[in-house]
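Chains as they are written, first to last, in the numbering used here: chain A, 1 to 150; chain B, 1001 to 1150; chain C, 2001 to 2150; chain D, 3001 to 3150.
Protein chains: 4
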Amino acid sequence: MKIKLADEYLQVDQIGWETFEPDFQTGGIRWKLLHVSPEIGSWTVMFHCPTGSTFAPHIHHGPAEGYIFKGEIEIRGGEQVGGATARENGYLYEAAGAIHDRTTMTRETEFMLQMVGPVGWKMADGTQRPQGWAEAQQLWNEQKSELRPV
Amino acid sequence: MKIKLADEYLQVDQIGWETFEPDFQTGGIRWKLLHVSPEIGSWTVMFHCPTGSTFAPHIHHGPAEGYIFKGEIEIRGGEQVGGATARENGYLYEAAGAIHDRTTMTRETEFMLQMVGPVGWKMADGTQRPQGWAEAQQLWNEQKSELRPV
Amino acid sequence: MKIKLADEYLQVDQIGWETFEPDFQTGGIRWKLLHVSPEIGSWTVMFHCPTGSTFAPHIHHGPAEGYIFKGEIEIRGGEQVGGATARENGYLYEAAGAIHDRTTMTRETEFMLQMVGPVGWKMADGTQRPQGWAEAQQLWNEQKSELRPV
Amino acid sequence: MKIKLADEYLQVDQIGWETFEPDFQTGGIRWKLLHVSPEIGSWTVMFHCPTGSTFAPHIHHGPAEGYIFKGEIEIRGGEQVGGATARENGYLYEAAGAIHDRTTMTRETEFMLQMVGPVGWKMADGTQRPQGWAEAQQLWNEQKSELRPV
Chain A
1 MKIKLADEYL QVDQIGWETF EPDFQTGGIR WKLLHVSPEI GSWTVMFHCP
51 TGSTFAPHIH HGPAEGYIFK GEIEIRGGEQ VGGATARENG YLYEAAGAIH
101 DRTTMTRETE FMLQMVGPVG WKMADGTQRP QGWAEAQQLW NEQKSELRPV
Chain B
1001 MKIKLADEYL QVDQIGWETF EPDFQTGGIR WKLLHVSPEI GSWTVMFHCP
1051 TGSTFAPHIH HGPAEGYIFK GEIEIRGGEQ VGGATARENG YLYEAAGAIH
1101 DRTTMTRETE FMLQMVGPVG WKMADGTQRP QGWAEAQQLW NEQKSELRPV
Chain C
2001 MKIKLADEYL QVDQIGWETF EPDFQTGGIR WKLLHVSPEI GSWTVMFHCP
2051 TGSTFAPHIH HGPAEGYIFK GEIEIRGGEQ VGGATARENG YLYEAAGAIH
2101 DRTTMTRETE FMLQMVGPVG WKMADGTQRP QGWAEAQQLW NEQKSELRPV
Chain D
3001 MKIKLADEYL QVDQIGWETF EPDFQTGGIR WKLLHVSPEI GSWTVMFHCP
3051 TGSTFAPHIH HGPAEGYIFK GEIEIRGGEQ VGGATARENG YLYEAAGAIH
3101 DRTTMTRETE FMLQMVGPVG WKMADGTQRP QGWAEAQQLW NEQKSELRPV
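Here it is as structure tokens:
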């Protein structure tokens, strides 16, 4: 017999920032892992991105939903080159299969993102390195060790 | 052949508040509908809740994830009676099947919630009135008519 | 820290049939509960339906996918009245929000169905009685008690 | 405004088998693509596997559910080496993150599998080649061209 899962409440502003995987970003992006859902494979993250920081090229294998608390994100190069520019107080939905080859934070940015399934980070040799709930949790736990709030 | 869905970007602070369904709340709770996912049946909402406002008793038939921008929510009566109190800058995860019989916003509160599947609002006669992505979209479209940002 | 869920293997032909909730069917429909996913709220069922049996009017609040091992199902009255008729060796996908007011098995039928979220069974007074993974599991456990294979 | 998705009914036994991607199998495994869900990223497949055929090592990034119509599958080497053996008339649930390094069909096997998110096929050089709903649909459409039943 299976039981209802536990509810979770996190005081996000009391959780410290950690450096996000250096292979997946430039410019000092930090993160907090807020939640993982092992059954469906979703995970929820908060990012802090300095001005000019970037995410490595990646594909969202499942849908992603997010909210931008402050700052500005140029997605697929930004709206001036046919991509999108997501701004402070903005909601964003990235459909499963979204290809994000150029993601630049043009201002100091904080945003939250819930992702279903893995992100496939594109390596220089053309291969993909998948990061899903399990890889995210492993990285986070290594970074926070005994300090992680539950 | 099916195609990748479109991405969505909303400037949330440029969307006006509407009154949330009066049968489902007291105290003047307003909402913005940010997103619906018709395939899996999820929907994402922003709520503005005056001090002392309440949601009617309800059950979350699927998981819900949210973020509290400001204010305070006493869930299942709040932590002083064995429930939970979610506060400003807090993340919350409600598991599928969560029963919320007493939900009170003890301060002016704004929070975002992504819900999978319907909420079952409990009526006084013990029956449930389901509200899912379709009912939410219908209410929103009636309220916004031609003005809704896409 | 959360862990990967366990895999599950069931020898379905060694699980006995139980009578499906009498309020939700006529004609002696029996079922086996194969799986519940408490996190996303999905559940997977096998049905055995005698010729002429029917399901009570219902709405699928999330998507449903199934396979018909044998028999014939007239959905929404069947194809002769604008509905669909699903037959032996057929796959079916019911979209979230599908309304099934007339479902008749015109031959002895066995089919499997995976449903995300609850089914809302429509009662004679117009209200809905939700049945999701938790209600299904509770019914099944009461029926199988100590005998249920895991 | 978004609309409810269409329901789908396929007469599976009238759909021809195609050869499954040769990089991902040995022994002549054939497939039919029954359904793709672009929003959540799930896809549903029927496989026909000759005796002794194998799937290449892979990881399921999301959950998978299936039914074995006939035959026998040794998963993770089979039960005699600590894996699992799934047999005719069997239901299987593979949790998100399941690693399947040795999958052999020891008898002529037919099974159906619904997968959420991509399978990461492990190449000889240690990299993963993801196959999700979009890659599956592309392969299928190329194979079936104008002949695909809808």
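Cβ atoms here follow ideal geometry from the backbone N, Cα and C, with glycine treated the same way.
* Asked: Rounded to a whole number of angstroms, what is the C-alpha to C-alpha distance between Ile68/A and Phe3047/D?
  -> The residue you call residue 68/A lines up with position 68 of the first sequence. The residue you call residue 3047/D lines up with position 47 of the fourth sequence. In a straight line, the C-alpha of Ile68/A is about 43 Å away from that of Phe3047/D.
* When you compare only the Cα positions, how much space is there between Gln3128/D and Phe2024/C? -> By 1-based counting over the fourth sequence, the position of residue 3128/D is 128. By 1-based counting over the third sequence, the position of residue 2024/C is 24. Taking the Cα positions, Gln3128/D is about 46 Å away from Phe2024/C.
* Asked: Below 8 Å, can you find three or more Cβ-Cβ pairs linking the stretch 1034-1044 of chain B to the stretch 1121-1140 of chain B?
  -> Proximity of the stretch 1034-1044 of chain B to the stretch 1121-1140 of chain B meets the contact definition, three or more beta-carbon pairs being nearer than 8 Å.
* Asked: Buried or exposed: Gln1138/B, going by 16 or more other Cβ atoms within 10 Å of its Cβ?
  -> Within the second sequence, residue 1138/B is the residue found at index 138, counting from 1. Exposed, by the Cβ-count rule.
* Option nearest Gly120/A by Cα separation, candidates His61/A, Gly90/A and Trp31/A -> As a first step, residue 120/A is located in the first sequence; it is residue number 120 there, counting from the start. Comparing Cα-Cα distances from Gly120/A to each of His61/A, Gly90/A and Trp31/A, the minimum goes to His61/A.
* **Straight-line gap, Trp2017/C to Arg2030/C (C-alpha atoms, nearest Å)** => Indexing the third sequence from 1 puts residue 2017/C at position 17. Indexing the third sequence from 1 puts residue 2030/C at position 30. In a straight line, the C-alpha of Trp2017/C is about 6 Å away from that of Arg2030/C.
* Where does Glu3142/D sit, in a helix, a strand or coil, going by DSSP? -> One-based indexing of the fourth sequence puts residue 3142/D at position 142. Secondary structure at Glu3142/D: helix, using DSSP grouped into helix, strand and coil.
* Asked: In the stretch 60-132 of chain A, which residue ranges form an unbroken beta strand (DSSP E) of at least 3 residues, counting only runs that do not cross its ends?
  -> Within the stretch 60-132 of chain A, the complete beta strand (DSSP E) runs of at least 3 residues fall at 64-70, 72-75, 84-87, 90-94, 98-100, 103-105, 109-116, 119-122 and 128-131.
* Run of the beta strand (DSSP E) containing Thr1044/B, from where it starts to where it stops -> Counting from 1 along the second sequence, the entry for residue 1044/B is found at position 44. Start and end: Ser1042 to Cys1049.
* Asked: Quick one: Cα of Asn141/A to Cα of Glu8/A, how far?
  -> Position 141 of the first sequence, counted from the first residue, corresponds to residue 141/A. Position 8 of the first sequence, counted from the first residue, corresponds to residue 8/A. Approximately 17 Å, taken between the alpha carbons.
* **Rounded separation between Leu113/A and Leu1033/B - CA only** => Locating residue 113/A in the first sequence gives position 113, where the first residue counts as 1. Locating residue 1033/B in the second sequence gives position 33, where the first residue counts as 1. Whole-angstrom Cα-Cα distance: 18 Å.
* Near Pro1050/B, what residues of its chain come up, given a Cβ to Cβ distance below 8 Å and the 5 sequence neighbours on each side ignored? -> Walking along the second sequence from the start, residue 1050/B turns up at place 50. The residues Gly1027, Gly1028, Ile1029, Met1105 and Glu1108, in chain order, have a CB closer than 8 Å to that of Pro1050/B in the same chain once the five nearest residues on each side in sequence are set aside.
* With a CB to CB cut of under 7 Å and the five nearest residues on each side skipped, what residues in its chain are close to Ala3095/D? -> Here residue 3095/D refers to the residue found at position 95 when the fourth sequence is read from its first residue. Same-chain partners within the cutoff: Pro3063.
* To do: Determine, using beta carbons only, whether Ile15/A comes closer than 8 Å to chain C.
  => As a working mapping, residue 15/A is identified with position 15 in the first sequence. False, the Cβ-Cβ gap to chain C never drops below 8 Å.
* Asked: Exposed or buried, which one is Thr3103/D when buried takes at least 16 other CB atoms within 10 Å?
  -> Locating residue 3103/D in the fourth sequence gives position 103, where the first residue counts as 1. Thr3103/D is buried by the Cβ-count criterion.
* To do: Give me the Cα-Cα distance between Ile15/A and Asn1089/B, rounded to the nearest whole angstrom.
  => By one-based count along the first sequence, residue 15/A stands at place 15. By one-based count along the second sequence, residue 1089/B stands at place 89. Rounded to the nearest whole angstrom, the CA to CA distance from Ile15/A to Asn1089/B is 11 Å.
* Under the DSSP definition of a beta bridge, which residues are partnered with Glu2021/C? -> As a working mapping, residue 2021/C is identified with position 21 in the third sequence. None, per the DSSP bridge assignment.
* Would the beta-carbon of Gly3097/D fall within 8 Å of that of Ile3059/D? -> Locating residue 3097/D in the fourth sequence gives position 97, counting from the first residue. Locating residue 3059/D in the fourth sequence gives position 59, counting from the first residue. Result yes, Cβ atoms of Gly3097/D and Ile3059/D sit closer than 8 Å.
* To do: Kindly say whether Leu2113/C, judged by its beta-carbon, lies nearer than 8 Å to any beta-carbon of chain D.
  => As a first step, residue 2113/C is located in the third sequence; it is residue number 113 there, counting from the start. Chain D has no Cβ within less than 8 Å of the Cβ of Leu2113/C.
* When you check each C-beta in the stretch 3027-3043 of chain D against every C-beta of chain B, which residues fall closer than 8 Å? -> Flagged, chain order: Val3036, Ser3037, Pro3038, Glu3039 and Ile3040.
* Asked: Can you name the start and end residues of the beta strand (DSSP E) that Gln11/A belongs to?
  -> As a working mapping, residue 11/A is identified with position 11 in the first sequence. Counting along the chain, the unbroken beta strand (DSSP E) around Gln11/A starts and ends at Glu8 to Gln11.
* Asked: Taking buried to mean at least 16 other C-beta atoms within 10 Å of its own C-beta, is Met1115/B buried or exposed?
  -> Translated into the one-based positions of the second sequence, residue 1115/B becomes position 115. Result: buried.
* Asked: Would you call the CB atoms of Arg1087/B and Gln11/A closer than 8 Å?
  -> On the second sequence, residue 1087/B is found 87 positions in, with the first residue counted as 1. On the first sequence, residue 11/A is found 11 positions in, with the first residue counted as 1. In this structure, Gln11/A lies closer than 8 Å to Arg1087/B by Cβ.
* Asked: Does the beta-carbon of Ile3073/D have 16 or more other beta-carbons within 10 angstroms, so that it is buried, or is it exposed?
  -> Locating residue 3073/D in the fourth sequence gives position 73, counting from the first residue. Of the other Cβ atoms in all chains shown, 16 or more fall within 10 Å of the Cβ of Ile3073/D; this residue is therefore buried.
* Got a sec: which bits of the stretch 2051-2071 of chain C sit with their beta carbon under 9 Å from any beta carbon on chain A, in order along the chain? -> Cβ contacts with chain A: none found.
* Asked: Looking at the unbroken beta strand (DSSP E) that takes in Leu34/A, where does it start and where does it end?
  -> Taking the first residue of the first sequence as 1, we reach residue 34/A at position 34. Residue range Arg30 to Ser37 is occupied by the beta strand (DSSP E) that includes Leu34/A.
* Asked: Are the C-beta of Gln131/A and some C-beta of chain C separated by less than 8 Å?
  -> Within the first sequence, the letter at position 131 stands for residue 131/A. Residue contact with chain C for Gln131/A: absent (no Cβ-Cβ distance below 8 Å to any residue of chain C).
* Asked: At a Cβ threshold of 8 Å, is Leu1005/B touching chain D?
  -> Here residue 1005/B refers to the residue found at position 5 when the second sequence is read from its first residue. Cβ-Cβ to chain D under 8 Å: yes for Leu1005/B.
* Asked: Going along chain B in order, which residues have a C-beta closer than 7 Å to the C-beta of Thr2085/C?
  -> As a working note, residue 2085/C is residue 85 in the third sequence. What Thr2085/C touches in chain B: nothing, since even the nearest Cβ is about 24 Å away.
* Would you say Lys2002/C faces chain A, with C-beta separation under 8 Å as the test? -> Numbered from 1 along the third sequence, position 2 holds the residue referred to as residue 2002/C. Yes, Lys2002/C lies at the interface with chain A (some Cβ there is under 8 Å from its Cβ).
* Interface flag, Ala2134/C vs chain A, CB-CB below 8 Å -> Here residue 2134/C refers to the residue found at position 134 of the third sequence. It does: the Cβ of Ala2134/C has a partner Cβ on chain A nearer than 8 Å.
* Asked: When the Cα of Thr3065/D is compared with those of Val3045/D, Ile3099/D, Ala3006/D and Glu3079/D, which residue comes out closest?
  -> Residue 3065/D sits at position 65 when you count from the first residue of the fourth sequence. Residue identity differs from the one stated: residue 3065/D is Glu in this sequence, not Thr. Of the candidates Val3045/D, Ile3099/D, Ala3006/D and Glu3079/D, the one whose C-alpha sits nearest the C-alpha of Glu3065/D is Val3045/D.
* Using a Cβ cut-off of 8 Å, which residues of the stretch 84-109 of chain A contact any Cβ in chain D, in chain order? -> So the close ones are Ala95, Ala96 and Gly97.
* Asked: Closest by CA to Leu1005/B, which one among Pro57/A, Ile99/A and Pro22/A?
  -> The residue you call residue 1005/B lines up with position 5 of the second sequence. With distances taken between Cα atoms, Leu1005/B lies closest to Ile99/A.
* Cβ-based neighbour list, Met123/A, same chain, cut-off 7 Å, excluding 5 preceding and 5 following -> Counting from 1 along the first sequence, the entry for residue 123/A is found at position 123. For Met123/A, where only same-chain residues beyond five positions count, the Cβ hits under 7 Å are Arg129.
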